[in-house]
Structure formats: structure tokens, C-alpha cells
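J.: Listed in order, the protein sequences are those of chains L and G. At position 111 of the first sequence (counting the first as 1) the number is 111 in our numbering, and the numbers step up by one without a gap. Add 1000 to a position in the second sequence, counting from 1, and you land on the number used in our numbering. The beta-carbon is built from N, C-alpha and C at its ideal position, and this holds for glycine as well. Here's a structure for you.
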Amino acid sequence: MIRSQIVYSRIAAIARELAETVGRTARSPGLTEGRRYAAALLTGEPKLVAQAQYDASHVFLIRDSVAALLDRFAFNLGEGDIVLVGDPYSGGSTPQAITIAAPLFYEGELVLFPAVRAEMADLAGEFPGSLHPFASETWQEAVRFTPLKLYRHGLLQRDALRFMLRNSRAESQVRADIEAIVSALRAASDSLVALMDEKGRAATEAAIARTIEHSRALGSAQIDARYGAINRKVKTKLPVSAEATVDLSVRVTIDEGRLALDFAGTGANRSGPYNMTPGQTKGYALVAALAETLDDTTLNDGHLQLVTMTAPKGSLVDPVLPAATGLSDAVTAHHLVRLVRAALHGGTAPVEARLDGVQPAVLAFLPIGAEDNPPIRLDPGFALSAQGWGPPVLAGRRLMPSAEVLEAREHFNLVSREIGDDGRIRAVIRNDGPELEGNFLVPRDGSGPQGGLALVIDGERRALESAVLVVIPPGARIEFVYPTYAERADG
Amino acid sequence: MSHWNVGIDVGGTFTDLVAIGPNGEFRSTKTPSTADQSDGVLHALERLATGLGHPLADFLGELPLIVHGTTVATNSLLEYNGAKVGLITTKGFRDEIEFRRSYKESVFDPRLKPPHPIVPRRSRIGVAERIDHRGNVLTPLDEAEVRAACAEFRRQDIEAVAICYLFSFVNPAHERRTAEIVREELPDVFISLSCDVLPEIREFERVSTTTVNAFVGPRVNAYLTHLEERLRSQGFKGELFIIQSNGGVLSAEEAGRYAVNTLLSGPAGGVTAGSFLGDMAGYDNLITVDMGGTSYDIALIENLQPAVTTESWIGRYRVALPMLDIHTIGAGGGSIAWVDAGGALQVGPASAGSNPGPACYSRGGMRPTVTDANVVLGLLNPDFFLGGEMVLDREKAIDAVRREVAEPLGLSVIEAASAIIELVNSNMANATRLVTTKRGRDPQQFALVAAGGAGGIHAGKQAEELGIRTVIVPGLAPVFCALGDNVADLKISESRTHIGRVDELDFEALNTMFQEMEQRARGRLAGQAVAGNFETRRSLDMHYVGEVHEVTVPIRSRTRRITKLNLDATLGDFHELHQRLFAHKDPNQPVEILTLRLDLIGVRERPRMIPQEFGDEDASAALKGERLVYFDIEPTTVPVYDGDRLQAGSFIPGPAIIEQWGTTIAVYPGHECLIDAYGNVIIEIGQARSAMERAA
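Laid out in C-alpha cells, this is it:
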């Protein structure tokens, strides 16, 4: 076991390093500052060997996406191949996120897959970027990239790459991000080969198998110790407008440390930022159960094996094609996590350990029609977490933009960013560049819109809820008010 | 008696002193650290003077220089007992230091506590002023609001004021005028200006660094003033210098002004000593590791230049100044071994510290630690810990390992202790590997310098794991940081943000900025008499347009003037460095410069060490006995040598143990060691070669 731990610690380090390298070398702000990506190593089955992530959205999705790739290319993978998929219905969630995997052959056999799942700046869809609060169909959010080969035997498949890039309004960012990811994957492959050279393939595979088993046992013991046996049904009404709601219902069962979710009674998939894929759903449930200990371990298949789910086909948590799925990380995931934690904690989740906390978002771009139109995500602040400091856990490890960099590079003047008298973070951004358009998202909770957005043009202030193609003329100001989920922990 | 140079490093437990005499002779002392660090310093000096046969006053009177490594700034920040700080900033931005760009150390843990506020909200005041990114004044400074802020600070008994306005690195006028007003209104407070401390883009990084400077500044100043007064009162007439986080030294006065630069004053000495040692022993590329009771510090030295970073967090605060890149993990002699709920052995990060300490310390500690495992395996002599000043209880170590590890895992006590050591070695090797690969290097290209009390026991095994062929355990390992204090050069690191694409660069502006930076640096070094020769090193922080992280690239220029040819060569280096660091380059992508950096080095005369003549290879004269050691499950009887009696040229094939005050060195089976002309233990690692051969 000790030897396995030692070998596995090297493997986990390679996964972390892969993630760090992508963050350092990618070009789009969504990856470099937003950290909207995760990196993993998988076996050929595929089983998740080790994963490094900066938020809760990717937990199951790299493995599920690689499974889709394997399904497609089962007998057609060779040394030097690099394959790609970006499809909510092939293991993903938002279609703007693609998974790139580099099958690693050792002694002539497929042994491991280094893989990265990352959200691209733009892959077509109705509007630039990934913020479409009213999408009904997945194609409104992006093109579906079903499994394709980006490299064949080490050679770039130019037609495949060209097809991708020609379907982007942010071609140079997407190209640079893909190049950075491919380079990082190759470096990770080299590290894995060096490890197997040194420790042996059999020892490496044994270490992986043992660690997955250990993680499953440890996670199971943690769930058992924390929650015991549970069989509890909880439900909530997810507000989709001022008047309407949709049911989110789940029976949570814990048996021998395993979490089973039954979503019978959950409403049908629908338009807007609500539908979650099953992989997303299981991932958030796992985070809800193990958040307090996930930082102490390296996520692997042992953890994933702890969660199973059933749901009505065509429901909010198992939508059917072509239902849109792109924004549920920002909305439904929060309700789901709160619900599962409530079920785990006897019906009421501990407020001070709350993980969720929705917040408004704005994505700005040049007026529709510009060929080169990389969108700019404006997230100048964050919802104050239930812990009274910093953003909620589900916001992930985003890096808030620097006011000075925004002004010097992007022609946005951050007029102010401060905690208001009501304890909420307020920010005001002025457009000092050309006319823009923007999509706005103001998510709702049971108590109404969470946070607020307003547009001030020539002194006239207009409060906004979720909206698309809002014109942001030069000199216009956007006011952000972020919700707070606790009193600020004051010093 | 004249021309002794003295380096004094104050650590958590001991105050170490190394003195180098005019003929290259060395003296070292180790005395307990004291609450008032100046007591420990004077005790150490007194012990040295007495050892040399002089009264302290006479000795100090002849001493030209003391270089000091101090933990006052570090302790102030880590224990949050610095000054009461007030912050004046651009109206509308007073919470940036609390927002931390939304960074949390943990991704998932909802119970992570907020950092201690070193400047609480009531002491953060925004004033009307605004300068744009080109340096134009958009809103004039409201001086009345500054005076009102001062009145509020007076009411709050504020001791230090940090001032940080947006874009002050482009136009510092508002910050400087604010400082003038604060000086008028609050003449006794310490003032920290962001345009002086860190004139670089990104307001959070700047305000955090500036505020930390304000927080630790008064404590560091008070300590240095107090120390200097005590030294002067005892007859010291020379110069007092302080080692900085960048590995260079500065006068005490200058160090006090930029106290944030002393946050790594302690460990920086060890890295600097590593570079000195490498130069002496003929190794240009080294990894220095320092294993103490609770932590394991790793640093990289390439071509005798220690690696530097600007990405540090200390005490949960961002400090964006260039500092030696010292990577720390929670692995030390006190790291606790435990079995998790899934049945796997873990070592650390929790530590028993020194109190209660490992079970074998007999101070009430019941949980097994790395030190306990070393005692169980015979690697540590329970009767020679700290040279015999402390006796360890092997039975208690055995009992703790049996109860907490062996029985839960169904192992024998020896197997359990071996597993603890194997795991901690692996953790340390992984961390070391990360430090090298992060910089695009292979650890096999480096020699490992092992310092710290526990470093010599573990270094050989780590070297095997990393494929490293040579381990150097310095002769002065127990006082290694103090050695570094003695050999460090003067160094000023200046930086300035200057954003622009390389293909659109204004060379006139670039050269002017570098000249200004050099003048400022020379001004800060003026008045000292320690160094006469100066070197300037210029570099650029560059990245592909859109990247967030920069790569620092030395400028290739033989003259002060940077030409297009120089820049083209530097650009080529950038692409290659990017390739090395990230396995990726794209010469067709536009490249942007973000920050100009200049290091002004005041080169000190290196102490002249006298090499010993190589004597007989036979080390038997230093043999003090033999004991059973478990390098594996089966015990081996190994010779034990008295390190203080070993001579240059002594050759010891492994397995063997070398014991000296404060350090035990394990020479593992298959390893060989030689004592070099300067008393360093050079261990050649046989297994490293075979590991490399396997890899090949």
C-alpha cells in the first residue's frame, strides 16, 4: 500500500501540474482568470485516475466525456492521436466547454488518457460567449462538437481545427487555448511515461487501482460517519420567473456510505438556464456530500463510484436533445446543492456551511454581426458567501479582474467596487470603448432576483433582469449589486 | 582581531552565528533564541568574543560589519501582532484588500476562516482622487478628505498609514502629496507608499504588499533601532545590515523603510549560503532543502543564481515583491503519522512541533512522528540528540509507532516506522520535483544541498527517488543561514510597470525608465561602505498577449542602452523560456511587456575560506562506535563516525552514520561519502545512476 501511495502521489502531482500549466499558458480570460477548466488523468476504461479542478462543475464530466470519445473511437485510436468532444449530450454540460484527450500508449497499449475540459471563449450559438439566459435549444448556446480527431498519429487534422475555428467569433483565443492545452497534455504524457519507465507499468496500474479503491472506502467512511443511513425525500420549487416555478425533487438515500439520488417528481426540462445533465447532477451531489474533505484528497473514480442517480428522462436533471443546458451551473446547481445538503442534514442544511449562492453576470460583446467578436465577461465582484467572506464555494476559484488591467487593456473603467452600507458588494463599470451589446443574467431565488443589474445611460437608470442584446453605448455605466448570504465577517 | 565578518540568524529555536576571520578561519555558535531577539544576538556575540579571548566591547569595536537575518517581520505577520494600520485609498476601492480578487485558499471547504484583517474596514478610508492609466488626473486629490482621514486615524491611535491609489505607478503625485499631508498631521506614524513599495499594475497585489509593509514596518524599525542602540552601547562602530527576502542585504535603516522585504530574511540566508557553497564546491546547479521540526523548505539555484518569484502569499497576504522562491511543505521531524479512515498511512501536515513534540521527547506527546520513526529505525541516536544535550526515549517512540500505525495497519513496528520514513521521503521528493519541473528543469541536473537538523538523514533517500547523483551536507549545516548572511551581496530590486507590445516599443522611453530605476537604486545604496563594485541586471516581464502570467527574461545587453538588436535577442530568449517552462511557444503571437525589473548588486568581497589539505582516506580515527540501523526490514550493524573528527579526504562507504552537533547524516547502502576540503560531506548516490539507467 505504501508503494502504491508513493506512485500515486506522483500521478496526482502530474494532474495538478497539467492544470497549472493550462492556467498559465492559456490565452482567454475565461481560463486564465476565470479558471473555467479542469484537468484529469484517466485509464483506458475509462476510470478517473486523478483530477484537478477549480470549481464543482467538472466532477463527473471529464470521465463522461472521455467515455463518449472512447465509445466513438473504440478501435480507432493510435499513438499521437488527440481527440476532442464538446457536447452536452456526449458527457458534457455547457456546449462551450470542450474536452480534449491525448490517449497515451505504452508498450504498444493504450494505458492512460491525460485530458482537459475547458470552456472556450466562443463556439458560435445565437450570441457570442456562453451566457444565453433564454436558450431553448443547445444550438442556441453553441455548436455541438461530437467526437472528432484533432491529431492523427501526431499530425494536426487541419480540416477539423479549421471547422472549429471557423465556428468561433473568438478564433485567435480559441486557437491559442487549444494549442496551450495540447502542449500541456503532451507534457503530462511525457511525465507519465517517465513515471512508468521508473516505477514500471504494472506498479503504476496497481497504484491507480489501489488508490481508487482506497478513495472509495475513505469517501464511503466519511459519508457514513457524517450522515449515517439516510432515506429522505426533499423538494423545492425552483423559480423560473416572478410567477412560475418548476419542481426539483430528490430522494436521497445513503446505504453503506453510498449516495443514491432519485429525482422522481422533478419537473420537465424547459427553456432557460435550468437543465442539468446527469453528469453535472451527480457531481454537484458529490460535492454537497463531501465538500468539507474534498480539498484533502485527489478526486478520482473512487469518489465517483459513491454516487448513483435515477431521474425521469426529459426532466430538469436528465434533459433530452435538443434542450439547452448551458447555464445551469449558475442557477440550478445552486438549488440542487442546497437541497441535497438539506437532505443530508436532517432536512435543514447548516447555514454557516452553505455552499451555494447565485449571483448576477454580464457578458459584453461588439454588436452582433462582427466576425471577430471575443466576448468579455464582466464579473467585477462576487456574492458574499454564507461564511461572511469571499465568494460561495460554488462560485469556484475565479480571479476577480483588476480595475487597472480592465482600464488599461479592455477600455472599461471600473468606477468603484466596494461593500455598500447593506453589506453587499457593489461595483460600477463604465464603457470607455465603442458601443457594445450585452447579455445579462439575474438569477432568482425563492425570495426573488438575487442581486441586481442596472444600466445608466445619460443619467437615466434602468434596472434589468435577465436580458439579451442590451445596448451598452460609450459612456454607459453598468451597476452591479451582488447578493450577500451572511453578515460580513468584520475585522 | 580586526576584519571579522559576522552573520547572525535568529530562528524560532536558536540564534546562529557564523564569523569569518581575516585569514579565512570560521567560528560558529548556537544559542537559544530569546523573546527580545536582540538578547539572543548579544549572547551569541558575547560567546564568540569570549571564544576568541576578547571582551565583547573590544571585539565589537573592531567589527566592521554585522549581517543579520531576523524573523521579526515574519513573526509580526504570522502572529498578527504588527502595527495598527490605516489605509488611504482611491474613493470607491477601500475593500480591495478584503476582496483578495475573490481568492480563497480552499476550493471546496465551506468552513475555511477568513484571514485576520491587518487593516480592518473602519481603518480603510477612500478619498476623492483619480488618475487614469496614462497618468492623467481625472479627479484632483481632495486634500481636505486626506486631513479628515488623518483625524480619524488619530482618533483610532493608528501607528502606520498605507497609501495606495489607482495607477500611482504611472503618476505618483497624489500618493506623494498625501504622504506629505500625513506627515504634517501625524508626524510619528510609519508611512508606506505603494508607488515606492511596489510600483506595478494590479491594485490588489499593490495594496496588499503596501499594507503588509505598513503592518510589519514599525515593529521591524523598532527592533532594528533597539538592536543597533544596544550594539552601539556595547562599542559596535561598524555597519548593521539586514538580509532581504531577495537574498541580498541592505542597511538596517533602508531595511526598516521597506520592512516587507525582510519577510523571508531567515530562510533567504540558507539559499544564499547554498549558492556560495556550490561556487566553492564546484556545483552551479543546486537544490537547497532545509528540514526542520515542522517544515521543509526547498529552493532552486541555477548557474549559482537563486530562483526568484513574485507570486508569494505569506500569512495569507499577497506579497508581490521579488523574493527568493522558497517552497515550503509541512514535513519535518515533528510531522505526525496517522492512519486515515480508508486505512492508508498519512504523514503530516499536522505537526507535534517542539512542544509537546515527538513521543520520544517525553514532553507528553503521544502521537508518532518522523523523529520517532527515525529513532525506532536507529537512524537517530537517542543519546546524541543535539550533541547529547537532550536524551530521547526510544521506548516511547516504539510505543507510539506501534499503537498508532503498526497495529491499525497490521505491520511490525519496524515495518511501520520504515513506511513512515518512506512516505515522508516521497512527499519531500514530490515537492522537490514540483519545484524543478515548475521551472522546466529536471532534478537530475542538480546537486542536493541538505541543511537543517533533519536534512542529512533523509537527503540520501530523496536523492535516490529524484535521480540526483550528489548530496552535499554542508560542514556548517546547523548554522547554514548565518553562513548565508555572511556571504550575501547588497541588492536592490526595482520594478516598474510599462505595458506595451514588443513590436511597438518606444526605446527612448524604455531606456529612460531603466536609467531612472538605476538612479533610484543607487540612491538607496548610497552611504554604505561595504561594496564598491556594482552590477546591474535588467529584465523584462513578458507574455503573449492575453496570458495572465508573465515570464521574467533577462535582457541581453552589454551596454546601458537597450537597442532593437538587444530586444530581438531577448525576445528570442522569451520564446525559448516559454517553451522550457510550458512546453509551448508561438513566435508568431504578439508579445507584450508588462514590467521592467532592475537589480542593482553591490558586490561584497567573498570571504576567503582556507581549504584543508586532503589527508588519509581512512576515517577510522573518527569512528566512535557502531549500532544497529534498519535501512530495510533487516537490521544492519553500521559504523558511527564523529563528524567533528573527520578530516578532509576521509572516505566512508555506506552504510554508515555520521553524527555531529545538531545534525545526523545517513550514508545509505550503495552510497559513498567524502569529506571535502571545506568540511562538507559530499555523498555520491549509486542508486541514482541506476535509476537514470532504468529511465534511459
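Contact between the stretch 1190-1197 of chain G and the stretch 1151-1171 of chain G: three or more CB pairs below 8 Å?
T.: They touch, by the three-pair rule.
J.: By Cβ distance, which residues of its chain are closer than 7 Å to T293/L, with the 5 residues on each side in sequence left out?
T.: Closer than 7 Å at the Cβ level, and outside the excluded window around T293/L, lie Q222.
J.: Measuring straight from C-alpha to C-alpha, what distance separates V1006/G and A1252/G?
T.: Cα-Cα distance, rounded: 15 Å.
J.: Am I right that A1350/G and P1358/G are in contact with their C-beta atoms under 8 Å? What's the rounded C-beta distance?
T.: Actually they are not in contact, since the Cβ atoms of A1350/G and P1358/G sit about 13 Å apart, beyond 8 Å.
J.: Give every residue of the same chain whose Cβ lies closer than 8 Å to the Cβ of G1061/G, excluding the five residues on either side of it in the sequence, and list them in chain order.
T.: Here the set comprises G1235, F1236 and K1237.
J.: Helix, strand or coil: how does DSSP classify G1069/G here?
T.: Reduced to three states, the DSSP call for G1069/G is strand.
J.: Going by DSSP in three states, E256/L sits in which element: helix, strand or coil?
T.: E256/L falls in the coil class under three-state DSSP.
J.: Figure out for me which residue from I1499/G, G1643/G, G1248/G and V1260/G has the closest Cα to the Cα of A1268/G.
T.: When only C-alpha atoms are compared, the closest one is G1248/G.
J.: Going by beta carbon distance, what residues of the same chain come within less than 8 Å of L150/L, once the five residues before and after it are set aside?
T.: Around L150/L: I82, V83, L84, I100, L156, Q157, A160, L161, I178 and V182.
J.: Could you pull the start and end residues of the alpha helix (DSSP H) that S1426/G belongs to?
T.: First-last of the alpha helix (DSSP H) with S1426/G: V1413 to T1437.
J.: Would D1290/G pass as a contact of G1452/G if the rule is Cβ separation under 8 Å?
T.: Contact: yes.
J.: Listed in chain order, which residues of the stretch 290-301 of chain L have Cβ atoms closer than 7 Å to some Cβ of chain G?
T.: So the close ones are A291, E292, L294 and D295.
J.: Can you name the residues that DSSP bridges to V83/L?
T.: For V83/L, which the question treats as bridged, DSSP gives the partners A101/L and K149/L.
J.: Please determine, among P380/L, P374/L, A330/L and V405/L, the residue with the shortest C-alpha to C-alpha distance to S466/L.
T.: S466/L has its Cα closest to that of A330/L, out of P380/L, P374/L, A330/L and V405/L.
J.: Give me the chain G residues within the contact set of T281/L, using Cβ-Cβ distance strictly less than 9 Å, ordered along the chain.
T.: Chain G residues near T281/L: none, gap ~17 Å exceeds 9 Å.
J.: Are the C-beta atoms of I1201/G and some chain L residue less than 8 Å apart?
T.: By this cut-off, I1201/G is an interface position.
J.: Alpha helix (DSSP H) containing C1164/G: first to last residue?
T.: Where C1164/G is concerned, there is no enclosing alpha helix (DSSP H), although the beta strand (DSSP E) it sits in stretches over A1160 to C1164.
J.: Give the straight-line distance between the Cα atoms of V1424/G and T1074/G, rounded to the nearest whole angstrom.
T.: The straight-line gap from Cα to Cα measures roughly 26 Å.
J.: Assuming V1107/G and Y482/L are in contact, meaning their beta carbons sit under 8 Å apart, how far apart are those beta carbons, in whole angstroms?
T.: Contact doesn't hold; Cβ gap of about 20 Å is too wide.
J.: Relative to the C-alpha of V468/L, which residue among L394/L, D422/L, T484/L and F440/L is closest?
T.: Taking only the C-alpha atoms, the option nearest V468/L is F440/L.
J.: Should T1089/G and C1164/G be called a contact, given that it needs their Cβ atoms to be closer than 8 Å?
T.: Against a cut-off of 8 Å, the Cβ pair of C1164/G and T1089/G comes out as a contact.
J.: Which one of P1117/G, V1449/G, T1470/G and P1382/G has the shortest CA to CA distance from E1659/G?
T.: The shortest Cα separation from E1659/G among P1117/G, V1449/G, T1470/G and P1382/G belongs to P1382/G.
J.: In whole angstroms, what separates the C-alpha of R1689/G from that of G1467/G?
T.: Low confidence applies here, because R1689/G scores a pLDDT of 44, under 50, leaving its location unreliable; read the following figure in that light. Distance between the alpha carbons of R1689/G and G1467/G is about 7 Å.
J.: Can you name the residues of chain L whose CB is closer than 9 Å to the CB of E1389/G?
T.: Ordered by position in chain L, no residue passes the 9 Å Cβ test against E1389/G, which lies about 34 Å from the chain.
J.: Is any beta-carbon of chain G found at less than 8 Å from that of A408/L?
T.: Yes, A408/L lies at the interface with chain G (some Cβ there is under 8 Å from its Cβ).
J.: Could you check if P278/L is buried or exposed, using at least 16 other CB atoms within 10 Å of its CB as the buried criterion?
T.: By the 10 Å Cβ count, P278/L comes out buried.
J.: Can you tell me whether H1133/G is buried or exposed, with buried defined as 16 or more other CB within 10 angstroms of its CB?
T.: Buried is the call here.
J.: Identify which residue in H1116/G, T1139/G, A1044/G and G1135/G has its Cα closest to the Cα of V1127/G.
T.: For the residues H1116/G, T1139/G, A1044/G and G1135/G, the minimum Cα distance to V1127/G belongs to T1139/G.
J.: Beta carbons nearer than 8 Å to chain G: which residues of the stretch 111-124 of chain L have them?
T.: Listed by position, the residues of the stretch 111-124 of chain L near chain G (Cβ gap below 8 Å) amount to none.
J.: If the cut is a Cβ gap below 8 Å, which residues of chain G does Y227/L touch?
T.: Here the premise fails: no neighbours, minimum Cβ distance about 14 Å.
J.: Beta strand (DSSP E) containing N1730/G: first to last residue?
T.: As displayed, chain G neither begins before 1001 nor continues past 1696, which places residue 1730/G out of reach and without an answer.
J.: Check whether chain G comes within 8 Å of T32/L, counting only Cβ atoms and requiring the distance to be less than that.
T.: So yes, T32/L belongs to the interface.
J.: Taking 8 Å as the CB-CB cut-off, is K1084/G touching chain L?
T.: No, K1084/G does not count as interfacial toward chain L.
J.: Let me confirm a value: M1428/G is counted as buried when at least 16 other C-beta atoms fall within 10 Å, else exposed. Which label applies?
T.: Per the 10 Å Cβ criterion, buried.
J.: Mind pulling the chain G residues with CB within less than 9 Å of F382/L?
T.: Residues of chain G passing the Cβ test: F1099 and S1102.
J.: So with CB distances below 7 Å, who are the chain L contacts of T1563/G?
T.: Simply none; closest approach about 27 Å.
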